Amino acid sequence: GTLTYGKPALTDVSNFSGLADDAFLALTASAESGSEHPLSQAVVNGAREKKIAIRNPHAFTALPGRGISAVVAVTAEGRERTVELFIGNRQLMEEKGIVVAVDRKEIADKFSADGKTALYVAFDGQLAGLLAVADKIKTETPETIARLGAMGIEVIMLTGDHAATARAIADQAGIKNIISQVLPEHKAEEIEKIQQRGRVVAMVGDGINDAPALAVADLGIAMGTGIDVAIESGDIVLMQGNLDNVLTALKLSRATMRNIKQNLFWAFAYNVIGIPVAAGLLYIFGGPTLNPMIAGGAMALSSVSVVTNALRLRLFTP
14 GTLTYGKPAL
24 TDVSNFSGLA
34 DDAFLALTAS
44 AESGSEHPLS
54 QAVVNGAREK
64 KIAIRNPHAF
74 TALPGRGISA
84 VVAVTAEGRE
94 RTVELFIGNR
104 QLMEEKGIVV
114 AVDRKEIADK
124 FSADGKTALY
134 VAFDGQLAGL
144 LAVADKIKTE
154 TPETIARLGA
164 MGIEVIMLTG
174 DHAATARAIA
184 DQAGIKNIIS
194 QVLPEHKAEE
204 IEKIQQRGRV
214 VAMVGDGIND
224 APALAVADLG
234 IAMGTGIDVA
244 IESGDIVLMQ
254 GNLDNVLTAL
264 KLSRATMRNI
274 KQNLFWAFAY
284 NVIGIPVAAG
294 LLYIFGGPTL
304 NPMIAGGAMA
314 LSSVSVVTNA
324 LRLRLFTP
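Encoded structure:
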């Protein structure tokens, strides 16, 4: 949602559950309907586009960084029964003891290599299918990353996605450094590791998973299109989701700091020169004393020059 539009769509369904494709997608979408996560919503929207009826789950649990678990009613052979589903990444399958055969892993790896996020679907104690969800990268992302590099800023992608998916997206964005498969609660730890190397870190994020990392970073930049907790955790809030605004914020802050330093220099310069003269330094060596009117004019000129220099920031263009 930071580098991409944040509107993923369901692109592929690999069903090996024994159910009809529509029944499998209905079961999966019903389980995902309890979540507000963009990936879950992509599955739900994909089912709705196919005019597939979706039921409310009997029970639902979000598993941050891994996926979801849900209990959904399913009708098979004229009988209705409840099914507990686990939908998420490979780590979730490993936690639940779900065996993923080599050929199934190859399907998931192919999804990841194409820049898609693979969702594993399991119920009745075995893997039942794979879903692929993809999000389009923002058109301005590659140029923004390139311009950040030109400013001397090292860009690192920090993501919970599978390494292959992250690599595919990073290649499109022009990002060389990736830290992937990071659980939400560990993002802040990754920021701290970089800080321990003596680096000053700015974190750009928009989701609830980014809030701790935004808070611990030296500079937290929250996308205004994100959720409230991320916005509250950021030091800077970009009012639009356009990634170009990161460049604008950084360049404006640099211009402001440069302006402050210039104003401090001129303020000190006036005083370093004016105060000794006003105290009679030149008179000691046979020179003139400083007329109070000239001194007053010099002080006014000091204020005018500082304010005028500060007003140059009005000419800043994004």
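One rule links them: number in the numbering used here = place in the sequence shown (from 1) + 13. Each residue gets a CB set at the ideal place from its N, CA and C atoms; glycine is no exception. Given the structure is predicted, the values throughout are model-derived calculations rather than measurements.
(1) Starting from the C-beta of PRO225, find all residues in its chain whose C-beta is less than 6 Å away, skip the five residues before and the five after it, and write them out in chain order.
(2) For VAL195, I'd like the list of residues in its chain whose CB is within less than 7 Å of its CB, leaving aside the five on either flank, ordered along the chain.
(3) Restricting to Cα atoms, I'd like to know which of VAL217, PHE281 and PRO301 is closest to ALA262.
(4) Could you spell out the range, first to last residue, of the beta strand (DSSP E) harbouring GLU167?
(5) Since GLU97 sits in a beta bridge, which residues does DSSP pair it with?
(6) Name the one or two DSSP bridge partners that ASN28 has.
(7) Which stretch, first to last residue, makes up the beta strand (DSSP E) that contains VAL9?
(8) Looking only at DSSP bridge pairs, what is LEU232 linked to?
(9) Report the three-state DSSP secondary structure of THR15 (helix, strand or coil).
(10) Taking only beta-carbon positions, decide if VAL217 is within less than 8 Å of chain C.
(11) What is the C-beta distance between ALA179 and ILE191, in whole angstroms, given that I count them as a contact (C-beta under 8 Å)?
(12) So, ASP148 versus THR15, is the Cβ gap smaller than 8 Å?
(13) Reducing DSSP to helix, strand and coil, say where GLY307 ends up.
Quick answer:
(1) So the list reads ALA201, once near-sequence residues are dropped.
(2) Result list for VAL195: LEU171, THR172, GLY173 and GLU203, in chain order.
(3) Selection VAL217, PHE281 and PRO301 evaluated against ALA262 yields VAL217 as nearest (Cα-Cα).
(4) That residue, GLU167, is in no beta strand (DSSP E); it is neither H nor E in DSSP.
(5) Residue pairing for GLU97: DSSP places it in a beta bridge opposite VAL84.
(6) DSSP output for ASN28 lists GLY142 as bridge partner(s).
(7) Because the chain in this structure spans residues 14 to 331, residue 9 falls outside the shown range and cannot be described.
(8) Beta-bridge partners of LEU232 (DSSP): ALA215.
(9) The answer is coil: DSSP assigns THR15 none of H, G, I, E or B.
(10) No chain C is present in this structure, which holds just one protein chain.
(11) About 5 Å separates the CB atoms of ALA179 and ILE191; that is less than 8 Å, so the two are in contact.
(12) Contact flag unset, no.
(13) Note on residue identity: the sequence assigns Ile, not Gly, to residue 307. In the displayed model, ILE307 falls within a helix according to three-state DSSP.
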